[in-house]
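**Student:**
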Amino acid sequence: MSNFSFLNPFGVLDEPGTYMGDFYSHNFAKKAAPGNVILNLGPQHPSTHGVLRVLTELYGEFVMRAEPVLGYLHRSHEKMAEHKTAYGFLPNMGRVDYLNAIGWNWAYTAACEQLAGIVVPERAEYLRVISAELNRISSHLVWWGAFVLDLGAFTPILYAFDDREDLCDILQRVTGSRLTMNYFRFGGVGEDGDERFFSLIREFIPRMRERLKMYKGLVTDNVILRRRLEGIGPMDADMCLRYGATGPILRAAGVGHDVRKSVPYGIYDRFDFEIPSYKDCDNFGRYWVRMEEIEQSMRIVEQAVEQIPQGKRIMDKAPKPAWKIPAGESVFSVEGARGEISVHVISDGGKSPYRVKLRAPGFSNLSLFAEASRGTILADAIAILGSLDLVIPEIDR
Amino acid sequence: MTTTDAWRDAFKEAGALAVTRPDPKKSGLALSAHMPAASLAPAAEKLKAEGFTLLFITTADFSEGFLVTYVFDSFTEHRRMALRVLVKDKSKPELPSIAHVYQGAEWHERESYDFYGVVFTGNPNLVPILLPGDDRIPPPHLKAPDAIASIRTLGFLGEPEWAVDGWELAPEPPKAAAPPAPKAEASGKPPEAGAAGKAAEAKPADGGKEEGK
Numbered sequence: 001m002s003n004f005s006f007l008n009p010f011g012v013l014d015e016p017g018t019y020m021g022d023f024y025s026h027n028f029a030k031k032a033a034p035g036n037v038i039l040n041l042g043p044q045h046p047s048t049h050g051v052l053r054v055l056t057e058l059y060g061e062f063v064m065r066a067e068p069v070l071g072y073l074h075r076s077h078e079k080m081a082e083h084k085t086a087y088g089f090l091p092n093m094g095r096v097d098y099l100n101a102i103g104w105n106w107a108y109t110a111a112c113e114q115l116a117g118i119v120v121p122e123r124a125e126y127l128r129v130i131s132a133e134l135n136r137i138s139s140h141l142v143w144w145g146a147f148v149l150d151l152g153a154f155t156p157i158l159y160a161f162d163d164r165e166d167l168c169d170i171l172q173r174v175t176g177s178r179l180t181m182n183y184f185r186f187g188g189v190g191e192d193g194d195e196r197f198f199s200l201i202r203e204f205i206p207r208m209r210e211r212l213k214m215y216k217g218l219v220t221d222n223v224i225l226r227r228r229l230e231g232i233g234p235m236d237a238d239m240c241l242r243y244g245a246t247g248p249i250l251r252a253a254g255v256g257h258d259v260r261k262s263v264p265y266g267i268y269d270r271f272d273f274e275i276p277s278y279k280d281c282d283n284f285g286r287y288w289v290r291m292e293e294i295e296q297s298m299r300i301v302e303q304a305v306e307q308i309p310q311g312k313r314i315m316d317k318a319p320k321p322a323w324k325i326p327a328g329e330s331v332f333s334v335e336g337a338r339g340e341i342s343v344h345v346i347s348d349g350g351k352s353p354y355r356v357k358l359r360a361p362g363f364s365n366l367s368l369f370a371e372a373s374r375g376t377i378l379a380d381a382i383a384i385l386g387s388l389d390l391v392i393p394e395i396d397r
Numbered sequence: 001m002t003t004t005d006a007w008r009d010a011f012k013e014a015g016a017l018a019v020t021r022p023d024p025k026k027s028g029l030a031l032s033a034h035m036p037a038a039s040l041a042p043a044a045e046k047l048k049a050e051g052f053t054l055l056f057i058t059t060a061d062f063s064e065g066f067l068v069t070y071v072f073d074s075f076t077e078h079r080r081m082a083l084r085v086l087v088k089d090k091s092k093p094e095l096p097s098i099a100h101v102y103q104g105a106e107w108h109e110r111e112s113y114d115f116y117g118v119v120f121t122g123n124p125n126l127v128p129i130l131l132p133g134d135d136r137i138p139p140p141h142l143k144a145p146d147a148i149a150s151i152r153t154l155g156f157l158g159e160p161e162w163a164v165d166g167w168e169l170a171p172e173p174p175k176a177a178a179p180p181a182p183k184a185e186a187s188g189k190p191p192e193a194g195a196a197g198k199a200a201e202a203k204p205a206d207g208g209k210e211e212g213k
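Sequence lines, in order, name chains R and U. Numbering follows the numbering used here, in which position 248 of the first sequence is assigned residue number 248; successive positions increment by one, without gaps. Numbering follows the numbering used here, in which position 212 of the second sequence is assigned residue number 212; successive positions increment by one, without gaps.
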């Protein structure tokens, strides 16, 4: 009986057809201790936020081992880049991470611009900052609603989507779309903000501030939520370093690293804002950091709307659709909603980039889940998974 | 370590073959070191001890071999650095894993294994990560024979600031008119290249252009 496993009732054999389950569950079950239950979460479970699958080995209610299984949304964006023109690849950037499309827009355009030495006009820089920060707020709002939903509170997600609706309306005015935004161009942005765009933003910010106060009373200070989050899922600075975790996870571990502040790109050095960080390394820290970031993003947007100069939205003689990236290599990082987004471009001067590597922050952030969830109870593992703010299309690319 | 020079010396000590200093304003990299495969882990240990994290691992297919690039960044120094290894044997690409130093490398290495078939020995769980595990397909990122470029003609790595005597990243093949020869040989060897080539054949035009450059 000791060798018996539900997944492999005939003993440990590697030939397909001799075991139950698929390749990954079989591979995972090989290391399972006898008597432990293997539970498969996802890929269609709502709490895995998209099509993520997590294999867990359970001893009673305790997670002994966990292994995320990725790839259900792999679309080969990196290979597509090698087959499209540099310009033709821009729409893909709105589709890598559907909640933070602008962050990816920025990382890719800036990597190419850096290599070509393109300087973006002032007004375009401001429009970039405004759209990126609004996009960050809407991403955090969706995360907030979905995360609290994971923990069993249904109402907040409806509030979150109400606010996000306003942001979609605002961003739609300039980007033309509500989700898969393709706004940045080499040398500027695709559309100038009109008076209505700015007045909508001015209306949105005070309203959002009021709402944040309500969220604090309704959700953040709720004793049930606190008990689900505080002290659960420790991820300290050393762990973040070993796994390459960035963004709110790193900041919740007490490391105040934010690319906007550490290596200011664009015009981020002109704004007065803070990088919230939290020392407890737990789920609540990650929650708190993101809620604070909404406020800080609003501060940046306020200043940018105040300071934005008149001028062109795109440089003169901006690259045309047939533009070729000059030969060379370039790495560029921006701070996305989930962490450090890096794009690495190798160009041979041909009409398509030779190689494009997309560094998804969620990929590195999720890789520490196996270690972070070890020894927790299953319900807490779900809370930890939610606190990582996963967007599966970004992880799978 | 506080200066880029100190890092150059540290990489020398760790066994680097050459160190180049790209223009940070253009490439976003402060330093790039070519390592022999065996020195990867010691160099990674050094970086980790100084608080660097592994941002990503990326592989690119060239006619001379697979260029595997490890990009590191620090949360305090903010100096992005790259370690590079050229895996010359394309029929049996192999590298030692650094997953025992940076646990996060495990997934990045699995991704390179998926896309290029590079085997990272010592990786604790070297199974496909983004591609299906039970239905192996040929590595999809291999370049088609007509689209592959040579590192030498590309020259994006720049002149080394320091190098081991007589070191050359990709020495010129002995025959003068060689470019087509290593190309065909290199991409013909792996059995998967045929299928990958089929996928890439949709764009035959720019391969010639790249070679001409």
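Glycine is no exception: its CB is placed at the ideal position from the N, C-alpha and C atoms. Since the structure is predicted, the reported quantities are computational estimates derived from the model, not experimental observations.
So, helix, strand or coil for residue 197 of chain R, using DSSP?
**Tutor:** Looking at residue 197 of chain R - three-state DSSP - the assignment turns out to be helix.
**Student:** Buried or exposed: where does residue 104 of chain R fall if 16 or more other Cβ atoms within 10 Å of its Cβ makes it buried?
**Tutor:** Burial call: buried.
**Student:** Run the CB neighbour count on residue 380 of chain R, radius 10 Å, all protein chains shown included, and call it buried at 16 or more, exposed below.
**Tutor:** Residue 380 of chain R should be labelled buried.
**Student:** Could you confirm whether any beta carbon from chain R is found closer than 8 Å to the beta carbon of residue 137 of chain U?
**Tutor:** Not one chain R Cβ lies under 8 Å of residue 137 of chain U.
**Student:** Go through the segment 248 to 296 of chain R residue by residue and report every complete run of the alpha helix (DSSP H) that reaches 4 residues or more, in order.
**Tutor:** Qualifying alpha helix (DSSP H) stretches, in chain order: 248 to 251, 259 to 262.
**Student:** For residue 167 of chain U, does the three-state DSSP call read helix, strand or coil?
**Tutor:** Coil.
**Student:** Using a Cβ-Cβ cut-off of 8 Å, state whether residue 51 of chain U counts as contacting chain R.
**Tutor:** Yes, residue 51 of chain U lies at the interface with chain R (some Cβ there is under 8 Å from its Cβ).
**Student:** Compute the Euclidean distance between the alpha carbons of residue 159 of chain U and residue 35 of chain U, then round it to the nearest angstrom.
**Tutor:** Their backbone Cα atoms lie some 15 Å apart in a straight line.
**Student:** My guess is that residue 80 of chain U and residue 259 of chain R are in contact by the Cβ rule of under 8 Å, so how many angstroms apart are they, rounded?
**Tutor:** Contact flag wrong, Cβ pair sits at about 11 Å.
**Student:** Indicate the three-state DSSP secondary structure (helix, strand or coil) for residue 353 of chain R in the structure shown.
**Tutor:** It is coil, neither helix nor strand.
**Student:** Which residues in chain R sit within 7 Å of residue 80 of chain U, going by Cβ to Cβ distance?
**Tutor:** By Cβ distance, chain R contributes 331.
**Student:** Closer than 7 Å by C-beta to residue 14 of chain U: which residues in its own chain qualify, once you throw out the five before and the five after it? Chain order, please.
**Tutor:** Excluding positions up to five away in sequence, the list reads 39, 42, 43, 46.
**Student:** Along chain R, which residues have their Cβ under 7 Å away from the Cβ of residue 156 of chain U?
**Tutor:** By Cβ distance, chain R contributes 327, 328, 329, 346.
**Student:** With distance defined between alpha-carbon atoms, name the residue in U:68, U:59, U:77 nearest to residue 48 of chain U.
**Tutor:** Looking at the Cα atoms, U:77 is the closest of the given residues.
**Student:** Give the range of the alpha helix (DSSP H) segment to which residue 4 of chain U is assigned.
**Tutor:** It spans 4 to 14 - the alpha helix (DSSP H) in which residue 4 of chain U sits, taken as one unbroken run.
**Student:** Under three-state DSSP, which class holds residue 323 of chain R?
**Tutor:** Three-state result, residue 323 of chain R: coil.
**Student:** On the DSSP bridge assignment, give the partners of residue 341 of chain R in chain order.
**Tutor:** Residue 341 of chain R is bridged to R:334.
**Student:** Could you have a look at residue 190 of chain R and say whether DSSP puts it in helix, strand or coil?
**Tutor:** DSSP places residue 190 of chain R in coil when its eight states are reduced to three.
**Student:** Using the Cα positions of residue 67 of chain U and residue 171 of chain U, report the straight-line distance between them to the nearest angstrom.
**Tutor:** Answer to the nearest angstrom: the Cα atoms are 14 Å apart.
**Student:** With H, G and I counted as helix, E and B as strand and the rest as coil, what does DSSP make of residue 86 of chain R?
**Tutor:** Coil at residue 86 of chain R, not helix or strand.
**Student:** For residue 329 of chain R, which residues in the same chain have their Cβ closer than 8 Å to its Cβ, ignoring the five residues on either side in sequence?
**Tutor:** So the qualifying residues of the chain are 115, 344, 345, 346, 347.
**Student:** Nearest to residue 75 of chain U by alpha carbon, out of R:250, R:365, R:70?
**Tutor:** Checked all of R:250, R:365, R:70; the closest Cα to residue 75 of chain U is R:250.
**Student:** What does the Cβ neighbour count give for residue 73 of chain U, buried or exposed, with the cut at 16 atoms within 10 Å?
**Tutor:** With 16 or more Cβ atoms within 10 Å of its Cβ, residue 73 of chain U is classed as buried.
**Student:** Taking only beta-carbon positions, decide if residue 317 of chain R is within less than 8 Å of chain U.
**Tutor:** Cβ-Cβ to chain U under 8 Å: no for residue 317 of chain R.
**Student:** Can you tell which of R:280, R:117, R:122, R:207 has the C-alpha that lies nearest to the C-alpha of residue 27 of chain U?
**Tutor:** Among R:280, R:117, R:122, R:207, the Cα nearest to that of residue 27 of chain U is on R:117.
**Student:** Looking at the C-beta of residue 149 of chain U, does it have a partner C-beta in chain R at a distance below 8 Å?
**Tutor:** Cβ-Cβ to chain R under 8 Å: yes for residue 149 of chain U.
**Student:** Suppose the cutoff is 6 Å on Cβ atoms and the five residues either side in sequence are ignored; what does the same chain contact list for residue 59 of chain R look like?
**Tutor:** Once the five neighbours on either side are set aside, the close Cβ partners of residue 59 of chain R are 36.
**Student:** Say whether chain R places a C-beta atom closer than 8 Å to the C-beta of residue 7 of chain U.
**Tutor:** Not an interface residue.
**Student:** Does any CB atom of chain U fall closer than 8 Å to the CB of residue 74 of chain R?
**Tutor:** Chain U contact via Cβ: present.
**Student:** Residue 178 of chain R to residue 79 of chain R, Cα distance in whole Å?
**Tutor:** For residue 178 of chain R and residue 79 of chain R, the distance between alpha carbons rounds to 26 Å.
**Student:** For a cutoff of 8 Å on Cβ pairs, would you count residue 117 of chain U as touching chain R?
**Tutor:** False, the Cβ-Cβ gap to chain R never drops below 8 Å.
**Student:** Can you give me the Cβ contacts of residue 164 of chain R inside the same chain, cut-off strictly under 7 Å, excluding the 5 residues immediately before and after it?
**Tutor:** Taken in chain order, the residues that qualify are 138, 141, 142.
**Student:** Go ahead and pull the three-state DSSP assignment for residue 396 of chain R.
**Tutor:** DSSP places residue 396 of chain R in helix when its eight states are reduced to three.
**Student:** If you reduce the DSSP assignment to three classes, tell me which class residue 147 of chain R lands in.
**Tutor:** In the structure shown, residue 147 of chain R sits in a helix (DSSP, three-state: H, G or I).
**Student:** Roughly how many angstroms lie between the CA atoms of residue 193 of chain R and residue 174 of chain R, to the nearest whole one?
**Tutor:** Their backbone Cα atoms lie some 6 Å apart in a straight line.
**Student:** What residues are listed by DSSP as bridge partners for residue 84 of chain U?
**Tutor:** According to DSSP, residue 84 of chain U bridges with U:34, U:69.
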